[in-house]
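Protein sequences appear in the order of chains A and B.
For the first sequence, this note's numbering gives the first residue as 9, with consecutive numbering after it.
For the second sequence, this note's numbering gives the first residue as 232, with consecutive numbering after it.
Ideal placement from N, C-alpha and C gives every residue a C-beta, glycine not left out.
These numbers come from a predicted model, not from an experiment.
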Amino acid sequence: MSGEHSTYVPTSGLGKWVDARMPLPRLVHDSFVSYPVPRNLNYAYTFGGILSVMLAVQILTGIVLAMHYVANTNDAFNSVEFIMRDVNHGWLLRYMHANGASFFFLAVYLHIARGLYYGSYKAPRELLWILGVIILFLMMATAFMGYVLPWGQMSFWGATVITGFFTAFPGFGDWLQQLLIGGFSVGQPTLNRFYSLHYLLPFMIAGVVILHIWALHVTGQTNPTGVDVKTKTDTLPFTPYATIKDALGMAVFFLIFAYFVFFMPNYLGHADNYIPADSLKTPSEIVPEWYFLPFYAMLRAITFNIGPINSKLGGVLTMFSSILILFVVPWLDTSKVRSARYRPWYRMFFWLFVADALLLGWCGSQPPEGSIVFMAQVGTLYYFAFFLIVMPLLGLVETPKRIPNSITEAVLSRQHAGGGGQPVPVPAAAEKR
Amino acid sequence: MDSHVSEHETTPEAFHEPTRRDFLFLATGMAGVVGAGALAWPFIDQMRPDASTLAAASVEVDISSLKKGSTLQVKWRGKPITIRNRTDKEVADAKKVPLDQLKDPVARNANLAADAKATDENRSAGAGKENWFVMIQVCTHLGCIPLGEQGEYGGWFCPCHGSVYDTAGRIRHGPAPENMYLPPYELTPGKTVKIG
Chain A
9 MSGEHSTYVP
19 TSGLGKWVDA
29 RMPLPRLVHD
39 SFVSYPVPRN
49 LNYAYTFGGI
59 LSVMLAVQIL
69 TGIVLAMHYV
79 ANTNDAFNSV
89 EFIMRDVNHG
99 WLLRYMHANG
109 ASFFFLAVYL
119 HIARGLYYGS
129 YKAPRELLWI
139 LGVIILFLMM
149 ATAFMGYVLP
159 WGQMSFWGAT
169 VITGFFTAFP
179 GFGDWLQQLL
189 IGGFSVGQPT
199 LNRFYSLHYL
209 LPFMIAGVVI
219 LHIWALHVTG
229 QTNPTGVDVK
239 TKTDTLPFTP
249 YATIKDALGM
259 AVFFLIFAYF
269 VFFMPNYLGH
279 ADNYIPADSL
289 KTPSEIVPEW
299 YFLPFYAMLR
309 AITFNIGPIN
319 SKLGGVLTMF
329 SSILILFVVP
339 WLDTSKVRSA
349 RYRPWYRMFF
359 WLFVADALLL
369 GWCGSQPPEG
379 SIVFMAQVGT
389 LYYFAFFLIV
399 MPLLGLVETP
409 KRIPNSITEA
419 VLSRQHAGGG
429 GQPVPVPAAA
439 EKR
Chain B
232 MDSHVSEHET
242 TPEAFHEPTR
252 RDFLFLATGM
262 AGVVGAGALA
272 WPFIDQMRPD
282 ASTLAAASVE
292 VDISSLKKGS
302 TLQVKWRGKP
312 ITIRNRTDKE
322 VADAKKVPLD
332 QLKDPVARNA
342 NLAADAKATD
352 ENRSAGAGKE
362 NWFVMIQVCT
372 HLGCIPLGEQ
382 GEYGGWFCPC
392 HGSVYDTAGR
402 IRHGPAPENM
412 YLPPYELTPG
422 KTVKIG
């Protein structure tokens, strides 16, 4: 791949026999052993690998939980408690699955932030980025439907509120909502179909992940300088260099994950979900899981009508747009420079965007009263301004810092400044981009 | 340019004379599209409310013990229905509100025309039985269940996103766009109400 010739040489007789018929070992070798990666990747680039493992964790724990769970409104809540108390190691598997969803989102948000910081979405990686946004969408749908399955109060009312979004669309909204929940209110048909789809979607995610990795291996990885790979000295083989770095990143990440699973397994959940669903009693406050809070805050920030669009539809459209806008990011950013390392202004706006997302998350967790609503409105305004105003305009007015001629040059100048590492001969001057 | 032009290429002659093969291509393609659509429909349609959900599940409730100022809650189509014998003050309060002060001026009453005005009479069981009030107690914002006898109008208040309704279940402020809906029902004052 990447235009390189395969360096795989089967050694055993069996290896040669397989290679001539279905060269899967060759594909694995070329993709994960000899595959060249930029030599200057930092730990922000380890989240792709972490995410692949998280997906595997969720699918594995999910498959075994499905062996004990019952998708029936009378039994669902009890079957979850049965998993916790009676099934051998059921508590471990369920806590891994529930906290796994949180850590999956934590990793994906860090992965996306990495992409936004280093300009990973810019040509020629637009499709790679779009596939990633599709994965994010599928993850959100999967997580939402999974949260409904324990059939607690938050499950039921979260499902009611979120499927209620669709009634905002004039004309076909009610029809669409009834199509989704299979009735006039959330009930048995809803639980049953959400279970079916919650089992299906992770495999669709796995399919899109394969496309995502394929697209990655066609264009190659970006790197913290944003400068394209030009010569062989700019790269290192995936194994052992990237493999070992990914492994250390994973070890640290999974250590934190394990801490949550074993010592604070309910910290990220909501206590109300340990109350069985009651269709006649709404909890005093409906709060989604933490990873949906910024979007929830944007939904609630629209408290006013915008022309013919009423506040309800306005909120729903704002919330959906906040994710849909990611699809066009490659075309919104007009800067020729990839990495924020050489874009002082973009770097400032980027960190402001991170702070804004955290502020929106906090607003989403608070009751929508008084100054919270105003803060959420300001936060929503900046969220969209970052994409629609900052990204297009900054590329036209910003003066970037000097960009190194090559990855090797950037690495060596750092080493000289830091005084560490082995000197490497500088390659012949790389051609201009 | 290659001088060997195959018989299938769109030379000027081909535009004039559609061949039998062109027709077959088009006809097969159209049959495929229609067939795919026809096949897809059952897969979509099965998601819609099933026959048992749609079955005319009407509920008959005895309201003989319902005194002024008290409320009964029953379930209809999986949703809570509030049946309230409103106090005279509640009726008077609701009647006082000018229609142009309402966020949603439509009655949303399944027993009346779709464009009936949201007067208190149109929201209640009708002239002479205005104290009787039957409503689907579901917030028109995102489907939460508002709490009764709360909020600044003494009507309903939704704890989810702060919508405030008056004593006739009409939206006064907050994110909800419409008045709470009234189900189809037949009411005999002090005796029974049949919902659905």
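| query | result |
| --- | --- |
| Where does residue 327 of chain B land, buried or exposed, given buried means 16+ other C-beta within 10 angstroms? | exposed |
| Quick check on the DSSP output: the beta strand (DSSP E) that includes residue 388 of chain B runs from which residue to which? | 386 to 388 |
| Which stretch, first to last residue, makes up the beta strand (DSSP E) that contains residue 243 of chain A? | 243 to 245 |
| If you follow the alpha helix (DSSP H) that residue 125 of chain A is in, where does it begin and where does it stop? | 98 to 125 |
| Along the chain, where does the beta strand (DSSP E) containing residue 304 of chain B start, and where does it finish? | 301 to 307 |
| Hey, residue 400 of chain A and residue 342 of chain A are a contact pair by Cβ (cut 8 Å); roughly how many whole angstroms apart? | 5 Å |
| What does residue 26 of chain A touch in chain E if you count any residue whose Cβ is under 8 Å from its own? | The structure shown has no chain E; the protein chains it does contain are A and B. |
| What does a CB cutoff of less than 7 Å around residue 281 of chain A pick up in its chain, not counting 5 residues either side in sequence? | 158, 160, 161, 162 and 163 |
| Identify the continuous alpha helix (DSSP H) that holds residue 353 of chain A and give its terminal residues. | 352 to 373 |
| Once the 5 residues before and after residue 407 of chain B are set aside, which same chain residues still bring their CB inside 6 Å of it? | 370, 371, 372 and 394 |
| Between which residues of its own chain and residue 422 of chain A is the CB-CB distance below 6 Å, once the five residues before and five after are set aside? | none |
| Alpha carbon to alpha carbon, how far is residue 258 of chain A from residue 58 of chain A? Give it in angstroms, no decimals. | 6 Å |
| Let me know the secondary structure DSSP gives residue 233 of chain B once reduced to three states. | Note on residue 233 of chain B: pLDDT 48, under 50, position unreliable in the model; no value is reported. |
| If distances are taken between C-alpha atoms only, which option among A/30, A/154, A/228 and A/55 comes closest to residue 84 of chain A? | A/154 |
| Measure the C-alpha to C-alpha separation of residue 317 of chain A and residue 238 of chain A and round it to an integer number of angstroms. | 52 Å |
| Ordered along the chain, which non-local residues of its own chain (more than five positions away) have a Cβ less than 6 Å from that of residue 382 of chain B? | 388 and 395 |
| Drop a sphere of 10 angstroms on the beta-carbon of residue 397 of chain B, count the other beta-carbons inside from all chains shown, and report buried for 16 or more, exposed for fewer. | buried |
| Comparing the C-beta of residue 192 of chain A with each C-beta of chain B, is any distance below 8 Å? | yes |
| Hey, is residue 201 of chain A's beta-carbon within less than 8 Å of any beta-carbon in chain B? | yes |
| Cutting at 7 Å between CB atoms, please list the residues of its own chain near residue 247 of chain A, excluding the five before and the five after it. | 40 and 41 |
| Is the CB-CB distance between residue 346 of chain A and residue 24 of chain A below 8 Å? | no |
| Since residue 353 of chain B is in the alpha helix (DSSP H), which residue starts that stretch and which ends it? | 351 to 354 |
| How many angstroms separate the CA atom of residue 258 of chain B from the CA atom of residue 268 of chain B? | 15 Å |
| Using the C-alpha atoms, what's the distance from residue 82 of chain A back to residue 295 of chain B? | 33 Å |
| Could you tell me if residue 283 of chain B is buried or exposed, where buried requires 16 or more neighbouring beta carbons within 10 angstroms of its beta carbon? | exposed |
| Straight-line CA distance for residue 340 of chain A to residue 102 of chain A? | 41 Å |
| So, under 8 Å CB-CB, residue 29 of chain A and residue 16 of chain A are touching, yes? Tell me the CB distance rounded to an integer number of Å. | Contact doesn't hold; Cβ gap of about 14 Å is too wide. |
| Would you kindly work out how many angstroms separate the C-alpha atoms of residue 123 of chain A and residue 395 of chain A, rounded to a whole number? | 14 Å |
| Alpha carbon to alpha carbon, what distance is there between residue 425 of chain B and residue 363 of chain B? | 13 Å |
| Could you tell me the boundaries of the beta strand (DSSP E) in which residue 366 of chain B lies? | 363 to 367 |
| Which residue from A/197, A/381 and A/27 puts its Cα closest to that of residue 405 of chain B? | A/381 |
| For residue 292 of chain B, list the residues DSSP reports as bridge partners. | B/424 |
| Would you say residue 426 of chain B reaches chain A, if we count a Cβ-Cβ gap shorter than 8 Å as a contact? | no |
| To the nearest angstrom, how far is the alpha carbon of residue 216 of chain A from that of residue 262 of chain B? | 31 Å |
| Does the structure place the region 169 to 177 of chain A close enough to the region 185 to 200 of chain A that three or more beta carbon pairs sit under 8 Å? | yes |
| Helix or strand or just coil, what does DSSP make of residue 91 of chain A? | helix |
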